[in-house]
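In what follows, a structure is listed as structure tokens, so that the remarks can point back to it.
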Amino acid sequence: MTDPSVAQEPRRLLENLAARGVSLELSTLDLCFVAALRLRSRTQQLTSFSEQELGDVFRDVCALAQPEAASVARRATAAIQRLRDQRLLSRVDGAGVVRSGAYALTRLATSIVDFYSEEEALTGESLTLLMRTLHASLLELLEQARGAASEREFSERVAGPLRVTVRDLVDGIERRQRGLDLQQERFQHEIGQLLRADWFDAVARCQELLEATTSTLRELNEVLLRDAHALVTLLEDIRELAEERRALEVEAACHRVSEQLDRIGAWGSARQQAWSEYYQYVHRYLRDVVRLDPTRALTERLRAQLSGRAGRSFSLIVATPPPLAVPRDVTAPSDRPAVERPRVERERPLTEAAPDDRERALVDGVHGALDGGARTLSAVTEAVVATLPPEERFASAGRVAEAVTKVASAESARERSWQRVDDGIWIEEWSLEREPKDA
Amino acid sequence: MTATKFLTLGDAVENDEFPAVDLALRRGRHVDRDDAAWFGFLTDAADVLEPFYRRFGAELVYRADGYYYLLPAGDRLAKRHLSVAEMLVGQALTLLYLEPGTVEQGGRVRREDVLAHLATVMGTDTLVRALNPKRRRYDERVAQETVRARVADAIRRLTALGFVEALGAEELKLRPALLRFAEPVRAAADAGAALSKLVASGELALTPLDAVPEGSEADFDDEPGTDEAAERDGEAAPDDETPSETPAPPGATSTAREPASPGGAPSAPVVQFDPSLFEDFGFEDVAQEPDESEAGEEPE
């Protein structure tokens, strides 16, 4: 049973953030400035800072983080404005222009600094303490719920503490869980570093780190297993009473806290499982690799082998499934013949043939016509082309004229007359005079 | 090993774990503590299973690093030797297993770390040539693509053999069986003698890999994957690692895959298909020329 308004909460939140264009941009200097303010407020029990104090803190931070920076006062003004724009610093005096302001860090700023500074990890001791406090709070709430006469009284007595006190306690456990996660990550990194640096000499220290985290996780899981069930039972009792009194707000709050407790329980078992695997792996590594190869010679020899600098190449033999037998006769496909063509001589053999000297025949024809008494170009052309096939006659007419000029002198009237020679052939007429043979 | 649970072979065979473990071992799987149920079963049943597998001409081997595997010695169980790519990737994974940096991640590495490590140790050029053995000259891009494909393929095969475990698409968990790749160099005294001893025991076979062709005269056409088919699952190309060219160690045979003939008798003229040939179907990273010699996939 989930309240639809609750289900839409993340969406609304995201829409709201997107619409407002919320963003955070903090340089290292800004972050140092905020951290310095947070630390000073703690050590000097300050609830707010005057403008002068803000400037002093910024100057100190600047001297530490960016000693070469110039115009520190102007930078301080800009930094204070940036923090105010991003709602990390707020003015709390309300005096306006009457006097210089007093400023305090917002919850957002303190949370950011706490993330970097505290890193409070969950321990068996802190978890036990938190669980007991949570148990006591829920018991008290149950009593309050039972004693509430009206619906309004029920909501006032139960809903507020459930929403604030109980959720803060559970949030505290979750925050410390994240701290422990970070701690584990650091340990894993440290184990790697130790082995890189000291190899065999790091074994004892690695085992110490492993054992410490293992015992912490074991202790946490024991506490969770022991107490989580009692807490969930108390929450269920409160939820049933809320249902009877129709206090929907309390019911929803119980549901959320119950979900958080489930998450904490799941976190515990998941982390223990993961760490257990890691623990086994590292122990195996320490035993099989580090102890058996204290000088890391194996790595060097294997590296030499892989790079081909040492030893002969070899191949491991492993079992493999037997081939599948196909119980029938199968004709293995024959090789597909390559595409080819019959080999033939590209050059055809030469054959003897009578020479076909048409040019010579044409010249002989011209001579014959002239010898026969022809004295005009049309007469010679007609006599020569008449012996040729019809399709060659037109093309040959020009060659006849050329041959004629070589064996006879040609004359023509100023106005040359056109003379028909054959079908489709008309030529300009020349009169010819046969030249002497010796010429 | 001391068996505490199974007094007879019948008890072991009747156990629910037996069929799966038996099949896995016969497929070359290495079983370690991460396979909690199988490992527990083998630990309890080792005394009765060792003589059982010996009757098949195989040895159920347990290594002090904490893993079991089946080592066929005779010809009754099929066996193969790992391909060039599998051996190179296996050794690179072993180096990563030995790295202190890997401990930080609980024995997890990214796939790209494997290739990067191989390239660092061997040198990119040698690696490319080792995984493109038939190629006298090659296009850099095509050859590197082939290397990536072969390394990915080798990782997949080593995963099936229990040397590594795939965690999602990018991560691998290294397993203790990888130390098998370091066996020949474990002994500080004489690596050659250790190698000979392992060859004699049938643990491994010598290969002509150390003659990685530097400008061999083999033909080459600049197409990716043209000779990949030859190396599928140890079925190496003639100039790659043809088993018939492998110096035959005692107990080793001349084929990468040795089909088991029932009773050792010569079998009828049947066509035998190697199921491992089917393993690549549809999972290639690079386009390949279709190869009729390797179609299909073994259902896993």
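Those protein sequences? They're chains A and B, same order as listed. Number 302 in our numbering belongs to position 302 of the first sequence; there are no gaps in the numbering. Number 1002 in our numbering belongs to position 2 of the second sequence; there are no gaps in the numbering. Heads up, the beta-carbon is just placed ideally off N, CA and C, and yes, glycines get one too.
By the neighbour-count criterion, in which 16 or more other beta carbons inside 10 Å mark a residue as buried, A:Q81 falls on the exposed side. The region 1064-1151 of chain B is shown to contain whole alpha helix (DSSP H) runs of 4 or more residues at 1084-1098, 1100-1104, 1111-1122, 1124-1131, in chain order. Taking one beta carbon from each stretch, the region 1026-1040 of chain B and the region 1158-1169 of chain B have 3 or more pairs nearer than 8 Å; the two touch.
Between the alpha carbons of B:L1115 and B:M1122 lies a gap of roughly 10 Å. For the 7 Å CB-CB criterion, A:V384 and A:V407 do not form a contact. Taking all protein chains shown into account, A:S334 has fewer than 16 neighbouring C-beta atoms within 10 Å of its C-beta and is therefore exposed. From the beta-carbon of B:F1181, the residues of chain A found nearer than 8 Å are L302, L316. If you check each beta-carbon in the region 181-213 of chain A against every beta-carbon of chain B, the ones closer than 7 Å belong to Q188, H189, I191, G192, L195, R196. Apart from the 5 residues on each side of it in sequence, B:L1167 sits with its Cβ closer than 7 Å to the Cβ of R1108, K1173 in its chain, given in chain order. Listed along the chain, the chain B residues whose CB falls inside 9 Å of the CB of A:A319 are L1025, R1026, R1027, G1028, R1029, A1058, Y1069, L1070, L1071, P1072, L1077, A1078, K1079, R1080. Counting C-beta atoms within 10 angstroms of its own C-beta, B:T1102 has 16 or more neighbours from the protein chains shown and is therefore classed as buried.
Listed along chain A, the residues sitting closer than 8 Å to B:Q1091 by beta-carbon distance are L302, Q305, L306. Contact annotation, A:V282 with A:I191: C-beta distance approximately 6 Å; criterion of less than 8 Å satisfied. Interface with chain B (7 Å Cβ-Cβ cutoff): A:D288 is included.
Per DSSP, A:R301 is one residue of the alpha helix (DSSP H) stretching across 297-306. Counting C-beta atoms within 10 angstroms of its own C-beta, A:G96 has fewer than 16 neighbours from the protein chains shown and is therefore classed as exposed. Unbroken alpha helix (DSSP H) runs of no fewer than 4 residues, entirely contained in the region 10-66 of chain A, are found at 28-43, 51-65, following chain order.
Per the coordinates, the alpha-carbon of A:A403 lies some 7 Å from the alpha-carbon of A:V366. Judged by DSSP secondary structure, B:D1022 falls within the alpha helix (DSSP H) whose first and last residues are 1018-1026. Between B:E1014 and chain A, the shortest Cβ-Cβ separation is not below 7 Å.
Only residues of its own chain outside the window of five on either side were considered, and among them A247, E249, V250 have a CB closer than 7 Å to the CB of A:S155, listed in chain order. At least 7 Å separates the CB of B:T1124 from every CB of chain A.
For the C-beta of B:V1151, not a single chain A residue is nearer than 8 Å; the gap to the nearest is close to 14 Å. Here the alpha carbons of A:R87 and A:A304 stand approximately 60 Å from one another. When only Cα atoms are considered, A:L169 and A:A159 end up about 15 Å apart. The Cβ atoms of B:L1178 and B:Y1097 sit closer than 7 Å to each other. Under the DSSP assignment, A:Q419 falls in the beta strand (DSSP E) whose first and last residues are 418-422.
Residue state for A:E347 is assigned as coil, using DSSP reduced to three classes. Annotated three-state conformation of A:F314 is strand, per DSSP. Between the region 279-293 of chain A and the region 1077-1091 of chain B, the count of Cβ pairs shorter than 8 Å is below three; the stretches do not touch. Rounded to the nearest whole angstrom, the CA to CA distance from B:R1148 to B:A1130 is 12 Å.
Going by DSSP, A:V326 is part of the beta strand (DSSP E) stretching over 324-326. If you draw a straight line from the Cα of A:S41 to the Cα of B:G1106, it comes to about 42 Å. The C-beta distance from B:L1049 to B:A1012 rounds to 6 Å, short enough to fall under 8 Å. When rounded, the separation of the alpha-carbon atoms in B:P1133 and A:E345 is 42 Å. CA-CA distance, B:L1071 to B:R1054, rounds to 10 Å.
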